[in-house]
Structure formats: structure tokens, C-alpha cells
Ligand SMILES: Nc1ncnc2c1ncn2[C@@H]1O[C@H](COP(=O)(O)OP(=O)(O)OP(=O)(O)O)[C@@H](O)[C@H]1O
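Structure, rendered in C-alpha cells:
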């Protein structure tokens with residue numbers, strides 16, 4: 001499938017600060033892509049350039065093959081939640097969305113539809129000023145959905161949501177992706193992305209660190225482990241060792257495997273007709289992969305700054 005968002009050698013400088021540095025990646029439709037990086041890595045700046053709110057210093061961005069324009073059909077092409085706090089507190093939720101619908105030539109019935117979709121139907125007439133951060137996030141998501149767009153960008157959408165809200169957002173993103181839309185979601189926390197994203201674009205200091213499926217990202221890190229529960233532990237341990245992995249036994253039926261990803265372990269078990277009762281990359285290892293890889297980028301950036309002197 002053709003990529004929907006194409007970021008090509010994108011660079012943004014603010015004076016001496018290079019916020020985004022020669023970034024190149026693509027985002028595909030039909031899946032949730034996480035845009036991950038530590039604070040200040042350049043995620044918001046990149047998202048703003050994708051929708052034309054910031055101009056690149058150099059490089060380019062295309063959405064569905066050409067630079068994105070807000071008008072005339074912007075909200076029908078791309079919906080974005082960039083800053084949930086950036087709303088007029090004196091307006092009601094319905095009035096806020098009503099203004100957006102009118103100024104973008106969208107049918108007013110969409111206002112009630114999206115408010116219902118994000119669970120704010122009962123709060124439609126309340127002033128936004130009295131909303132919790134979680135409700136503002138829901139309202140921002142409603143605004144992104146207003147034009148029923150094929151492309152959706154969300155900057156830190158899980159901020160301020162309670163656990164029920166987080167689950168709801170994850171389900172919503174999955175559904176939007178299953179409908180064939182392009183869903184690009186930023187976060188600075190791997191723990192938020194590991195149950196949300198299918199693919200990851202990871203950046204550090206404005207530079208690309210990884211662009212791959214979540215499982216491949218986990219497997220790249222040294223020391224990443226996959227937890228396997230199997231009644232055939234001894235036989236499976238032998239097979240994965242033979243394939244080059246390191247195995248630690250954790251009780252009678254649990255193996256912790258490093259050096260092979262879960263896809264490969266599952267395939268090996270299938271080939272040897274060994275039973276798997278559980279197969280999961282461990283949470284800590286994904287977080288560790290992220291920390292290791294972003295730490296490397298920081299060292300790299302520092303070394304390079306030294307070279308330039
Ligand atoms: N308008 C601006 N003027 C000057 N510097 C800026 C501006 N916007 C961003 N920056 C700088 O660019 C870098 C990247 O910022 P950006 O907000 O894009 O990062 P981020 O990954 O979204 O981080 P966070 O998760 O903290 O929002 C930071 O060093 C930031 O201070």
C-alpha cells in the first residue's frame with residue numbers, strides 16, 4: 001500500500017536549535033503508527049510541519065502525494081489533535097465544534113455525531129472552561145474526527161486520561177486503523193505505545209532512530225526478552241538455543257528468551273510441534289529498548305557536536 005504521509009529530509013531550525021534534523025520516514029494507512037521520542041525530540045514540530053502550521057527550514061512533507069493545505073477541504077483530509085488546551089474556554093463543546101464545522105463547510109449534524117462518539121454527548125452544552133484535561137482531550141479528538149478524514153494525527157492524546165479513557169482511546173485508534181485510515185500518534189512514553197501502536201517511528205534530538213514494526217523494535221535491543229510459557233519448556237529451550245538465543249528458565253514452564261523475537265520463537269515452536277500457552281515481549285524490555293536507543297542518539301549527537309568544533 002502506498003504511504004499516506006511522506007516526510008523527506010525534513011529539517012527545522014529555531015536559531016541555534018535544530019528541532020528536526022534531516023528526518024525521513026513514511027506512515028502507512030490501515031495501522032496505528034506511534035511517533036515516539038523523549039521530551040523535546042521534535043515530535044510536535046514534525047506534526048505541525050505535516051499539517052503546514054510550521055514551515056520546514058529544508059526538506060518536504062507530503063500527505064496523500066502533495067503538500068497539505070488547510071483549505072478548502074483540510075478537515076476532510078487530515079484531522080489533528082495538537083494541543084487539547086488550545087480552545088476557547090467560554091464556549092460550550094457543541095458551540096466550539098459548531099464553529100469548526102461552519103468555517104470548514106462541514107455538515108452541522110457531524111457535531112452531535114462526534115460528541116456522541118467521544119462520550120461527550122451529555123456535556124455538549126457545558127462550557128469548555130470547566131472541562132477536565134481528559135474531557136478536553138476527548139473534545140480535541142472529536143474535533144479531529146469532525147471532517148471524517150482518512151488521515152489522523154494526535155499529539156500526546158493519552159495525557160490526562162484515566163485508565164478507562166486510555167482504553168477507550170486505544171480501541172478508537174484500532175477501529176480507525178481497521179477502517180483503513182492512517183493513524184499517527186505521538187508519545188514520550190513507550191508504555192503508552194506498546195499496547196496502542198503496530199509500528200513505531202522513534203526519534204531522538206530531531207533524528208530518526210527507528211522506523212519499524214513494534215516487535216522488530218523490541219527485538220533490536222540487546223537484552224530484550226520474550227516470555228514464553230509452555231508445557232514443552234525443555235524442548236523449546238533446546239530449539240531456541242540452537243537458533244542462537246539465550247534462554248533463562250523461570251519455573252517449570254516459563255522461559256525468558258533473549259536474542260530472538262516472538263515471531264521467530266512462535267514459528268520455531270510450530271515447526272517442532274511444541275505447545276505455547278503464552279508468548280509476549282516483556283514490558284520492561286520494550287521500555288529498555290527505547291531508553292537504550294534514545295540514549296545512543298544523545299551520545300551520537302554529542303560526539304558529532306564535538307567533531308564539528
Ligand atoms: N517555536 C519555537 N521556538 C524555539 N524553539 C522551539 C520552538 N518550538 C520547539 N522548539 C524547540 O525544538 C525542540 C523540539 O521541540 P518539540 O516541541 O517539537 O519536541 P517534542 O518531541 O514534541 O517534545 P515534548 O514531548 O516535550 O512536546 C525543543 O528543543 C524545543 O525547545
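Numbering (the UniProt record's numbering), first residue to last: 1 to 309. Glycine is no exception: its CB is placed at the ideal position from the N, C-alpha and C atoms. All of these numbers come straight from a predicted model, not from anything done at the bench.
Candidates 211, 135, 107: which alpha carbon is nearest residue 26's? For the purposes of this step, residue 26 is identified with residue 26 of the chain shown, where counting begins at 1. With distances taken between Cα atoms, residue 26 lies closest to 211.
Checking the sheet assignment: what are the DSSP bridge partners for residue 11? Along the chain shown, one-based indexing puts residue 11 at 11. Residue 11 pairs with 58.
When every heavy atom of ligand 3 is checked, does at least one fall within less than 7 Å of the C-beta of residue 44? Here the bound small molecules are ligand 1; ligand 3 is not part of this structure.
Looking at residue 39 and ligand 1, is the gap between the Cβ and the nearest heavy atom below 7 Å? By one-based count along the chain shown, residue 39 stands at place 39. Residue 39 Cβ: within cutoff of ligand 1.
On the three-pair Cβ rule with 8 Å, is the segment 110–130 touching the segment 72–80? no
Buried or exposed, going by whether 16 or more other CB atoms sit within 10 Å of the CB of residue 304? Numbered from its first residue, the chain shown carries residue 304 at position 304. Residue placement at residue 304 is poorly supported in this model, since its pLDDT is 40, which falls under 50; the coordinates are not used for a value here.
Taking only runs of the alpha helix (DSSP H) that begin and end inside the segment 194–238, which ones reach a length of at least 4 residues, in chain order? 214–220
Tell me, please, whether the segment 85–95 touches the segment 118–131 by the rule of three or more beta-carbon pairs shorter than 8 Å. yes
Does the Cβ-Cβ distance between residue 248 and residue 38 come in under 8 Å? Here residue 248 is taken as the residue at index 248 of the chain shown, counted from 1. Here residue 38 is taken as the residue at index 38 of the chain shown, counted from 1. No; because the gap between Cβ atoms is not below 8 Å, this pair is not in contact.
Should residue 33 be listed as close to ligand 1, given that the test is whether its C-beta is under 7 Å from any heavy atom? Counting from 1 along the chain shown, the entry for residue 33 is found at position 33. No, since every heavy atom of ligand 1 falls outside the 7 Å radius drawn around the Cβ of residue 33.
Report buried or exposed for residue 152, applying the criterion of at least 16 other Cβ atoms within 10 angstroms of its Cβ. As a working note, residue 152 is residue 152 in the chain shown. It counts as buried.
Neighbourhood of residue 69 by C-beta distance below 8 Å, restricted to the same chain and skipping five residues each side: Translated into positions along the chain shown, residue 69 becomes position 69. 52.
Grouping DSSP H, G and I as helix and E and B as strand, with all else coil, what is residue 254? Taking the chain shown and counting its residues from 1, the one referred to as residue 254 is at position 254. Strand, per DSSP.
Exposure label - residue 179; buried when at least 16 CB within 10 Å: Counted from its first residue, the chain shown places residue 179 at position 179. The residue in question, residue 179, is exposed, as its Cβ has fewer than 16 Cβ neighbours within 10 Å.
Residues near residue 141 in its chain [Cβ-Cβ closer than 6 Å; skip 5 each side]: Indexing the chain shown from 1 puts residue 141 at position 141. Answer for residue 141: 81, 118, listed in chain order.
From 286, 13, 115, residue whose alpha carbon lies closest to that of residue 192: Taking the chain shown and counting its residues from 1, one reaches residue 192 at position 192. For the residues 286, 13, 115, the minimum Cα distance to residue 192 belongs to 286.
Using the Cα positions of residue 236 and residue 282, report the straight-line distance between them to the nearest angstrom. Mapped onto the chain shown, residue 236 falls at position 236. Mapped onto the chain shown, residue 282 falls at position 282. If I take the Cα positions, the gap works out to 18 Å.
Could you check where the beta strand (DSSP E) with residue 337 kicks off and where it finishes? Beyond the ends of the chain as shown, which are 1 and 309, falls residue 337; an answer cannot be given.
Residue range of the unbroken beta strand (DSSP E) whose run includes residue 183: To locate residue 183, count along the chain shown from 1; it is residue 183. Element bounds for residue 183: 182–187.
Is residue 19 near ligand 1, in the sense that its beta carbon is under 7 Å from a heavy atom of that ligand? On the chain shown, position 19 is the one that residue 19 refers to. Under cutoff, so the answer is yes.
Would you say residue 96 touches ligand 1, meaning its beta carbon is less than 7 Å from a heavy atom? Locating residue 96 in the chain shown gives position 96, where the first residue counts as 1. Every heavy atom of ligand 1 is 7 Å or more from the Cβ of residue 96, so no.
Spatially closest choice to residue 21 from 43, 29, 33, 214, by CA coordinates: Here residue 21 refers to the residue found at position 21 when the chain shown is read from its first residue. It is 43.
Under a three-way DSSP split, which group does residue 268 fall into? Position 268 of the chain shown, counted from the first residue, corresponds to residue 268. Helix.
Indicate whether residue 100 and residue 143 have their beta-carbon atoms separated by less than 8 Å. Within the chain shown, residue 100 is the residue found at index 100, counting from 1. Within the chain shown, residue 143 is the residue found at index 143, counting from 1. Contact: yes.
Let's see if you can read the secondary structure: which residues bound the beta strand (DSSP E) around residue 118? On the chain shown, residue 118 is found 118 positions in, with the first residue counted as 1. Residue 118 -> no beta strand (DSSP E), and no H or E assigned at all.
In the segment 34–97, which residue ranges form an unbroken beta strand (DSSP E) of at least 3 residues, counting only runs that do not cross its ends? 58–63, 78–81
What is the DSSP secondary structure of residue 158, reduced to helix, strand or coil? Counting from one through the chain shown, the residue named residue 158 turns up at place 158. Coil, per DSSP.
Other residues of its chain near residue 12: CB distance less than 7 Å, five sequence neighbours each side excluded: For the purposes of this step, residue 12 is taken as residue 12 along the chain shown, with counting starting at 1. So the list reads 19, 20, 45, 49, 54, 56, 57, once near-sequence residues are dropped.
Considering only residues of the same chain and omitting the five flanking positions on each side of residue 3, which have a CB-CB separation below 7 Å? In the chain shown, residue 3 corresponds to position 3, counting from 1. Only 26, 27, 28 meet the Cβ criterion.
Could you check where the beta strand (DSSP E) with residue 21 kicks off and where it finishes? In the chain shown, the residue the question calls residue 21 occupies position 21. That run of the beta strand (DSSP E) goes 17–27.
Per DSSP, which residues does residue 5 bridge with? Please list them. If you number the chain shown from 1, residue 5 lands on position 5. DSSP output for residue 5 lists 27, 63 as bridge partner(s).
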